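Worksheet: one structure, shown below.
Residue numbers (the working numbering), protein chains in the order written: chain H, 1 to 349; chain B, 1 to 349.
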């Protein structure tokens with residue numbers, strides 16, 4: 001795959017400027033751009049600037065409100081019930097997590113649920129905000145259907161990711177995962193490349209095992225651990241859909257195809273102030289000891305290093321900040337076209 | 001397997017009386033007995049009265065304090081930091097969840113972390129307390145090591161289960177799961193029965209795939225979804241071990257073998273008052289719709305009904321409450337011996 005080396009700060013500025021051209025304020029556009037570019041830095045390209053064309057179309061058609069201002073509708077010392085006001089999901093998510101952290105500093109813990117929101121990018125972005133300030137962060141979102149409840153072959157729940165992050169003396173430890181064995185993107189890619197896929201990734205429309213990605217890309221993703229992953233996806237749907245007052249799985253409007261109906265995606269966020277439990281300094285010592293112990297364990301055949309959750313992504317961030325992001329020619333081209341269309345300077349190398 | 005039909009209320013009373021004979025107060029002994037018998041009612045026999053002999057030995061040796069009174073050490077509107085005072089884990093867990101729920105009624109949400117505790121039985125017991133009062137409950141615990149961080153073949157994290165439960169118009173929907181593909185008990189059972197086990201359950205001490213349960217029972221359990229399940233187990237360890245100020249995986253003393261050193265297990269609990277989000281009545285309607293929609297989806301070949309998490313367990317509870325619990329002759333015999341030893345009347349049929 002042909003790639004171009006791109007400077008992350010210039011890339012962030014480009015995305016910010018593009019979104020401002022659709023009426024977003026400087027601050028909100030920054031939050032969105034920072035989330036997307038952070039995904040590219042971390043190597044999670046599926047949630048990065050490769051989605052800019054779609055985000056821009058959603059802003060342009062006003063199916064997402066560029067000027068939506070999230071609003072707290074109910075507030076208690078440990079809770080926030082928030083209307084995302086159909087803003088970009090990153091704007092609603094950033095607002096919710098920021099407020100959660102403020103309140104957790106007072107109350108020990110705060111849990112926020114957001115409705116009337118949109119695709120919020122990479123879940124880890126929010127949890128790392130908390131970890132960087134000495135707190136534990138949790139985030140989750142629902143999404144259009146891709147997974148079936150256990151026993152069914154028909155999609156209902158989204159690939160509902162969740163993330164949790166904790167501070168360490170160095171970089172946060174961060175889990176960001178979906179309850180499916182793989183992302184649908186992997187199956188679509190295998191179809192493009194003409195490769196077989198292993199059994200256990202996806203079932204066809206009748207619920208039969210499927211190793212042909214041409215069929216599998218229209219099938220239903222399989223959850224990790226069978227009923228366990230299915231259960232996690234159902235509960236994420238319950239928290240982000242029902243508790244948050246948003247839409248549930250099949251009632252969420254399509255991100256790529258529907259430019260008329262707002263998605264009404266829901267999210268939840270949760271922040272805990274470590275100082276109000278064991279204390280931050282004891283926590284950091286405890287984590288340091290745990291990580292050292294884990295890294296010293298016997299390795300499975302072929303393993304060269306035992307990584308903590310999010311450690312590979314943290315290393316990539318550092319590398320790519322220094323050396324640039326290797327961007328596929330096709331994404332580069334999409335951004336160039338957007339820059340031309342919106343008359344924004346295109347200097348990202 | 002030979003079984004005896006046992007009356008659940010009589011069984012609960014027997015367990016309560018036995019524990020009172022070791023100095024537990026009436027109320028605490030009731031909470032423990034109720035948790036254990038509820039596991040047997042639900043069909044989770046591994047966490048039921050089959051453990052009574054061990055719990056009694058732990059009380060008798062005073063490695064668990066029969067009179068330990070859990071104590072809140074730090075308290076904020078949304079948080080509780082609790083010393084379990086080496087009481088039975090069920091006593092500490094019940095205290096923590098009860099207080100969490102009280103505070104969530106005021107603050108919207110409360111998160112509790114407990115240290116210096118013990119094996120707390122079935123995680124779902126606590127979350128269903130919350131669901132039965134119109135709240136969402138979450139619980140998790142750490143445990144002695146059985147799982148390796150991804151990339152290692154050496155045990156570190158416990159089979160750390162977590163549970164989440166929500167109310168419905170009928171019975172709660174409840175997920176209670178460990179991040180391993182199967183419980184170690186399944187492998188030990190296969191060894192007893194001389195059966196092979198499928199690849200993917202466990203690895204041997206060198207980290208190689210293992211289908212021989214004789215080897216596997218001394219191996220390391222595999223997590224669901226590879227690094228995903230491993231990540232969940234690590235974060236449960238971080239919350240229940242480090243944040244809660246308790247011991248971490250390999251530093252937790254053994255439940256079956258060590259009667260000198262308190263386990264210092266940690267738990268976390270979390271309660272959310274639905275009324276402070278979408279509202280309970282809207283929530284119950286939303287759940288009803290979601291469940292109806294899921295149950296109406298196309299079924300995979302061989303599936304007769306799509307079950308919600310915990311639904312099978314709820315049905316079993318109702319059946320066994322009415323018809324009795326089918327108890328294995330060996331567990332029955334263990335209880336008979338305990339009753340004799342402690343001079344407690346043995347009438348449980």
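Glycine included, every Cβ here is placed at the ideal spot set by N, Cα and C.
Only a predicted model underlies this, so the values are computations on that prediction, with no experimental measurement involved.
Cα atoms of residue 94 of chain H and residue 37 of chain H: separation of roughly 15 Å, rounded to the nearest angstrom.
In the three-state reduction of the DSSP assignment, residue 145 of chain H falls in the strand class, which pools E and B. Rounded to whole angstroms, the separation of the alpha carbons of residue 53 of chain H and residue 5 of chain H is 20 Å.
Taking the CA atoms as reference points, residue 84 of chain B sits about 44 Å from residue 85 of chain H.
Residue pairing by DSSP places residue 175 of chain B opposite B:164 in a beta bridge. For residue 47 of chain B, same chain residues with a beta-carbon under 6 Å away, outside a window of 5 residues either side, are 39, 121, 122 in chain order. The Cβ atoms of residue 270 of chain B and residue 162 of chain B do not sit closer than 7 Å to each other.
In terms of CA proximity to residue 113 of chain H, H:139 leads the group H:191, H:14, H:139. Of all residues in the segment 299-316 of chain H, only 299, 300, 301, 303, 305, 306, 307, 308, 309 come within less than 8 Å of chain B when Cβ atoms are compared, listed by chain position. Near chain H, meaning a CB-to-CB distance below 9 Å, the residues of the segment 138-154 of chain B are 148, 149, 150, 151, 152, 153, 154.
In terms of beta-carbon proximity, residue 175 of chain H lines the interface with chain B, with at least one pair separated by less than 7 Å.
At the C-beta level, residue 15 of chain B and residue 33 of chain B come within 7 Å of one another.
The criterion of a C-beta distance shorter than 7 Å is satisfied by residue 171 of chain H and residue 314 of chain H.
Annotation for residue 327 of chain H: no alpha helix (DSSP H) segment contains it, though the beta strand (DSSP E) segment containing it runs 325-328.
Rounded to the nearest angstrom, the gap between the Cα atoms of residue 341 of chain B and residue 18 of chain B is 10 Å.
Contact of residue 243 of chain H with chain B by beta-carbon distance below 9 Å involves 136, 166, 272, 274, 277, 278, 283, 286. Around the C-beta of residue 208 of chain B, fewer than 16 other C-beta atoms lie within 10 Å, and the residue is accordingly described as exposed. With its beta carbon less than 7 Å from one in chain H, residue 225 of chain B belongs to the interface. Beta-bridge partners of residue 110 of chain B (DSSP): B:271. Contacts with chain H at 7 Å (Cβ-Cβ) include residue 111 of chain B. In this chain, the alpha helix (DSSP H) harbouring residue 230 of chain B covers 227-237. Residue contact check for residue 101 of chain B against chain H: no CB pair falls below 7 Å. Put simply, of H:132, H:21, H:283 the residue whose alpha carbon is nearest the alpha carbon of residue 62 of chain H is H:21. For residue 115 of chain B, the pairing in a beta bridge is given by DSSP as B:83. The Cβ of residue 79 of chain H sits closer than 7 Å to at least one Cβ of chain B.
Look at the segment 268-349 of chain H and you find these whole runs of beta strand (DSSP E), each 3 residues long or longer: 325-328.
The C-beta of residue 248 of chain H comes closer than 7 Å to at least one C-beta of chain B. Counting only runs of 4 or more residues that sit fully inside the segment 28-106 of chain H, the alpha helix (DSSP H) segments are 52-60, in chain order. With distances taken between CA atoms, residue 23 of chain H lies nearest to H:68 out of H:68, H:333, H:299. As summarised for the segment 191-225 of chain B, the continuous alpha helix (DSSP H) elements at least 4 residues long and confined to that stretch are 213-216, given in chain order.
For residue 235 of chain B, the closest Cβ of chain H is nearer than 7 Å. Residue 256 of chain H sits exposed, since fewer than 16 C-beta atoms from the chains shown fall within 10 Å of its C-beta. For residue 3 of chain B, the uninterrupted beta strand (DSSP E) run begins and ends at 3-6, by DSSP. Its chain contains 278 as the residues whose beta carbon lies nearer than 8 Å to that of residue 286 of chain H, once the 5 sequence neighbours on both sides are disregarded; these appear in chain order.
Counting C-beta pairs closer than 8 Å gives fewer than three between the segment 184-201 of chain B and the segment 323-335 of chain B, which falls short of the contact rule.
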